[in-house]
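Undergrad: Got a structure for you, questions after.
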Ligand code: DQA
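Numbering (the numbering used here), first residue to last: 1 to 147.
Structure representation (structure tokens):
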């Protein structure tokens, strides 16, 4: 793997302020900075992108192959539970991705317990806070660089 795209969905720009008991006190910039350091140490190019707009996530996914993206880490936030369009975009490009959630969506409201993406993800990490993103990066490094 040489290029990694990290996609953050709606309201994740509010991390640190938003429901800290659920999502923790780290802001998105801090999460991205730590991922950036880990990626740089591994010699990986990384781009982190947050948007509140479903179409903007879809656009980035569609552009991933032409942009040379080898793998993605995605926290689709609320779109996890609603977006067939996001699922279709991921199926269309076929780029491997790991789905990450800060909170344990399986221990929350019933409507959060279904994901439109989990069955097509390489893996799913939920409930481990910001560490989940770093574990996803470690897993991608391990699985994509071994071959
Ligand atoms: C989330 C869980 C979603 O249910 C929620 O809508 C989010 C964040 C998480 O990281 O725990 O916005 O994806």
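All C-beta atoms, glycine included, are put in the ideal place defined by N, C-alpha and C.
Consider the C-beta atom of residue 75 and the heavy atoms of ligand 1; say whether any pair is separated by less than 8 Å.
TA: Indexing the chain shown from 1 puts residue 75 at position 75. Yes - ligand 1 has a heavy atom lying nearer than 8 Å to the Cβ of residue 75.
Undergrad: Name the DSSP bridge partner or partners of residue 72?
TA: Taking the first residue of the chain shown as position 1, residue 72 is located at position 72. Answer is 5, 97.
Undergrad: I'd like the span of the beta strand (DSSP E) that includes residue 50, first residue to last.
TA: Position 50 of the chain shown, counting from 1, holds the residue named residue 50. Note, residue 50: beta strand (DSSP E), 45 to 50.
Undergrad: How is residue 132 classed by DSSP in three states: helix, strand or coil?
TA: Residue 132 sits at position 132 when you count from the first residue of the chain shown. Here residue 132 sits in helix by DSSP.
Undergrad: From the DSSP output, in three-state form, read off residue 123 for me.
TA: Here residue 123 refers to the residue found at position 123 when the chain shown is read from its first residue. In this structure, residue 123 counts as strand in the three-state DSSP scheme.
Undergrad: Is residue 13 near ligand 1, going by C-beta to nearest heavy atom under 8 Å?
TA: By one-based count along the chain shown, residue 13 stands at place 13. It does not: the Cβ of residue 13 is nowhere closer than 8 Å to a heavy atom of ligand 1.
Undergrad: In angstroms, rounded to a whole number, what distance separates the CA positions of residue 20 and residue 3?
TA: On the chain shown, residue 20 is found 20 positions in, with the first residue counted as 1. On the chain shown, residue 3 is found 3 positions in, with the first residue counted as 1. Roughly 31 Å between the two C-alpha positions.
Undergrad: Which one of 75, 65, 67 has the shortest CA to CA distance from residue 50?
TA: Numbered from 1 along the chain shown, position 50 holds the residue referred to as residue 50. When each option's Cα is compared against that of residue 50, the closest is 75.
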